[in-house]
Each structure stands twice: as C-alpha cells, then as structure tokens.
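Asker: Handing you this structure, nothing more for now.
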Amino acid sequence: LFIDGYCSRVAIAGLGGVGKTQIALEFAYQVRETRPNCSVLWVPAISQQSFEHSFLEIAQLLRIPGLTDEDIDLKQAVKKHLSQEEAGQWLFILDNADSHDILFGSGVQQATALTEYIPQSSKGSIIYTTRSLEAATFLAGSEVIEKNLLNDTTSMSELLNELTFLPLAITQAAAYINRNKIPISTYLRLLKDTEDSMIAVLSRDFQDNSRYKESKNPVAATWLVSFDQIRTQDPLAVEFLSFMSCIEPKAISHSILPDQDSEESAIHAIGTLSGYSFITIREDGKSYDLHRLVHLATRNWVQKEGLTALWTKKVIQHFTCLLPYPDHINPPVWNEILPHVQKVLNSKAAEGLEERYTLCGNVGGCLIIDGKSSAAAKRISEVCKWSRTALAEDDSSRLFWEHELAGAYERDGRAREAIEILEHHIIKIGEKILAEDHLGRLALQHALAITYIADGQVREAIEILEHVVKIREKILTEDYPNQLALQHALAIAYIA
C-alpha cells in the first residue's frame, strides 16, 4: 500500500472470526500515527444501509457542498471528491465485503453495486476484508492476503526483514505467495537460495541508500524468484517483458505489443505478469505500467543474457511496421507509440543498426505532420548523416531523405540550410543522373523554388518555377495535383 503513482489495493480474505478486521484496524491506527496527513475512512459493507450511512458521515466530514439537495447522489459525490488528487492521501477500508449481491449488484439492482462507488486516486490506498476469496480476487487482483498465511508470524517477520520492508518487494513477494499458494516459509527459502551473483547483476543502477552494501537488493531478489517461475509457466510473458524492457515503462498500450498466435495467449501472458505484480493494468484495461525498478531489473537480465541487441532490433522492426512513413492524406494514429519509439531510438543498443534509421525517418515524417519541424529535422538529419556514408550518392533513398530534410529545415525557418541541401542535390546529383523532365528532378527544383521564396530570393524562384511549369505542362495533365500546386507557388512568387 501507499505505492506512489497508482491506487494500491489489498484484500484480506479468510473465515469469519480469524481476525481480518483486527488486522485492518491495527493497520489503520499505524497509518494515523505514521501519516498524520492521511485521511482514514472506514466503511462497513455488511448491508446497503451501513454503506450509505458511512458515506453520509464521510460526506459531512469532507464538507461536500449540496448535502441537503434532494437530488444529490452522496455516494457519487464522495467518490468524485476522493478521486481528485487535491483530496490528498487517504486510506479507504471496506470491511466485511462478503455479499456478492451488495458488492456487485444483481438483476435490476446492478446499478446500485457498491463497487461503483469505490474511489480511485494515485494518492489513495484501499483495504478490503472479506470471507470470499472470489470477491477478494475480483476486488484486489493478485493483492490478496489469506489470513491463514499470516499465522506463521516468525516467518513473516523474517521475510519482512529480508525485504527491508520495501513496499515493491513486499508486493511482489505477496503476489508470488498468493499465486502459487505456498507458505511464507517456503517463499523465504526460495528467496535465500537465489544466487548472489545474479542479484548483483539485476541490482545494477538501483539507487537505494537505505541498505548496507553487503545486503541483497530485495526488489531484484523477489523479481528473480518470480521471473524463474514465469519462465517455466509462460514463455510469451517473458517475451512481453523483454519487449517492455526496451521501451518506456509507463502507458504501454496493448496494441503496441508484439504479434501473438492468438489473443487468448496474449491475455494469459498479461494475466501472468499482472499476477506476479510485474505490471499494473490501468483502469482502461488496455494499457500497462511497469514499476521503474522492475523495468530496470528486466533490462539488466536481458543484458546479462546477451539479448539486448536482439530485442532492440526486434522492437525497432516491430515499431517500423506500426509506424510507416506517413502521407498528408491519411497520417497514422501514432501519438501513443511515439514515447516508446523515442526511447528505443535513443538507446545505446540501437546505435549503428540500419533498421534504426528507417524508423528515425518515419518518426521525422510524423513530426513534420504534427507541426514539430525542429524535432523532425533532428531525426531526419540522423538518417541523412547515416545515408551519406552507407548509401551511394545517387541512391534514391538517400535523395529522398535529403529532400525531406530540406523540407523540415524550410518549415523550421532555416531556409539557408535547406537551400544548401537542395542546391547540392540539384546541381551535383540531380542534373547528373536524372533527365530534365524526370519527376524527381522537377520535385527538387520545385522545393528549391519554394525555399528561395522563404529566403526572399524571389527572382531566382520565379525563374525555376517557370522552367518547371513549362516542362510539366508537356508531360502531365492540367488537373494533376502537383501541377496545380506548382502553378499556385508560381502565382505566390509573382505577387511577392
């Protein structure tokens, strides 16, 4: 609980009378002592009436406006208030969440399900106590603590000390214990059996000044125990995790993950990663987050296995398919993928890969359409720098990217730099290899004229445009789109 960045939840499940409420109550008192600015909200879910009465009391304490209005929905008002970050940090305890009908509604009462009114905030934490393991799993996912597992207080105390009370490590350990239905003592043995050398590798770049230098990193240790289990159970989950290690750890859309044989296998793999608390599924159900330290541990494992170059290349090739070079008629939907593309393009492992520069160019094209000409020029200039050493001077791809770079410079107000590129390729290359009426050569001349106008060299622009129009009229119909654009440019030059 109280993990920054998302609304953490945990459910305490077990038979009636085993002490679930006492655990929640003790934790509530500890929170009051250690977090004086945290609001602690206790809501019994024994009945619909007890739930509504508690929400009324909370609404009064929070001084929510409009309490006396007849049409106000108090429960919705409380939820809305607490779901705003301005409400500050809070702990919401839903006690005795046992009745399926009360929690989730049934039949015509579906709309009155109590779960509809549970607040969500990155500053909030939720505890459920319930007799139903099914309800606990639905409410808290993998974050379920079965009360009978807590009987071994000696092992629990030893485990918490082993994990240095680090929330993320405890979360991962609890997820493993719950998913595999093992005693705490068994998990503790697995944790101690992990190789020190492997943990040292996985812990590289972890900044944790609270631990002694000779102690094991708890996140890396718990990560390794869970990861070894995942490798034997779900190879696709390992592929997804390796893929994610190359991109941004936040807001990973399901649609950008590698292709799979079936959607069912993909859902199962995501369930595995979520079940072991490697990823957090966002409320939309279609995107995921990795904790920064999980991301780092995975990346270090991929590097140790010698797979960094392989996965970097795979990710770049996959993104190149998802993000083709755009046109102005039907630009692709690409905003959700861009942060991840930029991450892999900027990685050291991507340097020198030929595939990188195709993706670089595609990103540049998207940035041009998005009006970010300066950023576009930076990406496309990387492609041109590579192509000038890797491709022949008259290579069509090289000419294309030089042309695109000039266009990006022109849009960015860097007309002189654009002119330098275009003059070089018209005089030194275009006239050597392309016929006078070749469309590629005419396109370069057209672009040069536009840039001349932007630079104030109107006379030179008119001379070029008149020449291009004359040649194009011989080879193209009057209604050809670029022909009309060319004539429009000439008209602008005359006016200027």
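Basically my numbering = 1-based index in the sequence shown + 46.
Beta carbons are placed, not taken as given, at the ideal position from N, Cα and C, and that holds for glycine.
1. Please go through the stretch 398-432 and give each complete alpha helix (DSSP H) segment of 4 or more residues, from N-terminal end onward.
2. In three-state DSSP terms, what is Trp269?
3. Just list the alpha helix (DSSP H) runs in the stretch 57-116, keeping only unbroken ones of 4 residues or longer that don't cross its boundaries, in chain order.
4. Count the other C-beta atoms from every protein chain shown that fall within 10 angstroms of the C-beta of His386, then say buried if there are 16 or more, exposed otherwise.
5. Considering only the beta carbon of each residue, do Val265 and Leu339 sit closer than 8 Å?
6. Quick check: the stretch 163-176 against the stretch 223-234, are there 3 or more CB pairs under 8 Å?
7. Decide if Ala539 is buried, meaning its Cβ has at least 16 other Cβ atoms within 10 Å, or exposed.
8. From the DSSP output, in three-state form, read off Ile172 for me.
9. Using 8 Å as the threshold, is the C-beta distance between Ile362 and Leu303 below it?
10. Give me the residue from Glu456, Ile426 and Ala461 with the minimum Cα distance to Glu448.
11. Are the stretch 304-318 and the stretch 339-357 touching by the rule of at least three beta carbon pairs closer than 8 Å?
12. Using only alpha-carbon positions, find the residue among Ala395, His314, Gly453 and Ser443 that is nearest to Ser419.
13. Only counting the same chain, and skipping five residues up and downstream in sequence, which positions put a Cβ closer than 7 Å to that of Ala395?
14. Going by DSSP in three states, Ile362 sits in which element: helix, strand or coil?
15. List the endpoints of the continuous alpha helix (DSSP H) containing Leu488.
16. From Glu401 to Tyr322, what distance separates their C-alpha atoms?
17. Please tell me whether His300 and Ser272 are closer than 8 Å, where the distance is taken between their beta carbons.
18. So what does Ile164 bridge to, in DSSP terms?
19. Rounded to the nearest angstrom, what separates Ser393 and Thr497 at their Cα positions?
20. Within 7 Å: the Cβ of Thr268 and any heavy atom of the ligand NAP?
21. Residues in the same chain with beta-carbon distance under 7 Å from Lys66, minus the five sequence neighbours each way, listed in chain order, please.
22. How many angstroms separate the CA atom of Arg518 from the CA atom of Glu512?
23. Quick one: give me the first and last residue of the beta strand (DSSP E) that Phe48 is part of.
24. Nearest to Gly486 by alpha carbon, out of Gln503, Val514 and Gln130?
25. With DSSP collapsed to three states, give me the class of Leu282.
26. Using alpha carbons as the reference points, say which of Glu382, Leu108 and Trp136 lies closest to Ala123.
27. Work out the CA separation of Asn408 and His364 for me, nearest whole Å.
28. Measuring CB to CB, does Ile148 end up less than 8 Å from Gln94?
Answerer: Answer, in terms of the structure:
1. Whole alpha helix (DSSP H) segments, 4+ residues: 400-415.
2. Taking the sequence shown and counting its residues from 1, the one referred to as residue 269 is at position 223. Note: Trp269 maps to helix in three-state DSSP.
3. Within the stretch 57-116, the complete alpha helix (DSSP H) runs of at least 4 residues are 66-80 and 94-108.
4. Working through the sequence shown from its first residue, we reach residue 386 at position 340. If you draw a 10 Å sphere on the C-beta of His386, you find 16 or more other C-beta atoms in it, and that means buried.
5. Numbered from 1 along the sequence shown, position 219 holds the residue referred to as residue 265. Numbered from 1 along the sequence shown, position 293 holds the residue referred to as residue 339. Contact flag set, yes.
6. Flag = no, the stretch 163-176 and the stretch 223-234 do not touch.
7. The residue you call residue 539 lines up with position 493 of the sequence shown. Around the beta carbon of Ala539, 16 or more other beta carbons lie within 10 angstroms, which makes this residue buried.
8. Residue numbering aside, residue 172 sits at position 126 when the sequence shown is read from its first letter. In this structure, Ile172 counts as strand in the three-state DSSP scheme.
9. Position 316 of the sequence shown, counted from the first residue, corresponds to residue 362. Position 257 of the sequence shown, counted from the first residue, corresponds to residue 303. Leu303 sits away from Ile362, with the two beta carbons spaced by 8 Å or more.
10. Your numbering for residue 448 matches position 402 in the sequence shown. Selected option, being the one with the closest Cα: Ile426.
11. The stretch 304-318 is not in contact with the stretch 339-357.
12. If you number the sequence shown from 1, residue 419 lands on position 373. Distance check between Ser419 and each of Ala395, His314, Gly453 and Ser443 places Gly453 closest, using alpha-carbon atoms only.
13. In the sequence shown, residue 395 corresponds to position 349, counting from 1. Closer than 7 Å at Cβ, skipping near neighbours: Thr354, Ala355 and Thr358.
14. Taking the sequence shown and counting its residues from 1, one reaches residue 362 at position 316. Here Ile362 sits in helix by DSSP.
15. What you label residue 488 is simply residue 442 of the sequence shown in a count that begins at 1. Note, Leu488: alpha helix (DSSP H), Leu485 to Ala500.
16. Residue mapping note: residue 401 aligns to position 355 of the sequence shown, counting from 1. Residue mapping note: residue 322 aligns to position 276 of the sequence shown, counting from 1. Computed Cα separation, rounded: 34 Å.
17. For the purposes of this step, residue 300 is identified with residue 254 of the sequence shown, where counting begins at 1. For the purposes of this step, residue 272 is identified with residue 226 of the sequence shown, where counting begins at 1. No, they are not a contact pair.
18. For the purposes of this step, residue 164 is taken as residue 118 along the sequence shown, with counting starting at 1. The partner list for Ile164 (beta bridge, DSSP) is empty, contrary to what the question assumes.
19. One-based indexing of the sequence shown puts residue 393 at position 347. One-based indexing of the sequence shown puts residue 497 at position 451. When rounded, the distance between both Cα atoms is 34 Å.
20. Annotation note on the ligand NAP: not contained in the displayed structure, which lists no ligands.
21. As a working mapping, residue 66 is identified with position 20 in the sequence shown. If we look at Lys66 and ignore the five residues flanking it on each side, its Cβ neighbours are Ile58, Gly60, Thr175 and Lys193.
22. In the sequence shown, the residue the question calls residue 518 occupies position 472. In the sequence shown, the residue the question calls residue 512 occupies position 466. Note on geometry: alpha-carbon atoms of Arg518 and Glu512 lie some 10 Å from one another.
23. Counting from one through the sequence shown, the residue named residue 48 turns up at place 2. That residue, Phe48, is in no beta strand (DSSP E); it is neither H nor E in DSSP.
24. To locate residue 486, count along the sequence shown from 1; it is residue 440. Measuring from the Cα of Gly486, the nearest candidate turns out to be Val514.
25. If you number the sequence shown from 1, residue 282 lands on position 236. Three-state DSSP puts Leu282 in a helix.
26. By 1-based counting over the sequence shown, the position of residue 123 is 77. Answer by Cα proximity: Leu108.
27. The residue given as residue 364 occupies position 318 in the sequence shown. The residue given as residue 408 occupies position 362 in the sequence shown. In a straight line, the C-alpha of His364 is about 13 Å away from that of Asn408.
28. Mapped onto the sequence shown, residue 148 falls at position 102. Mapped onto the sequence shown, residue 94 falls at position 48. Contact: yes.
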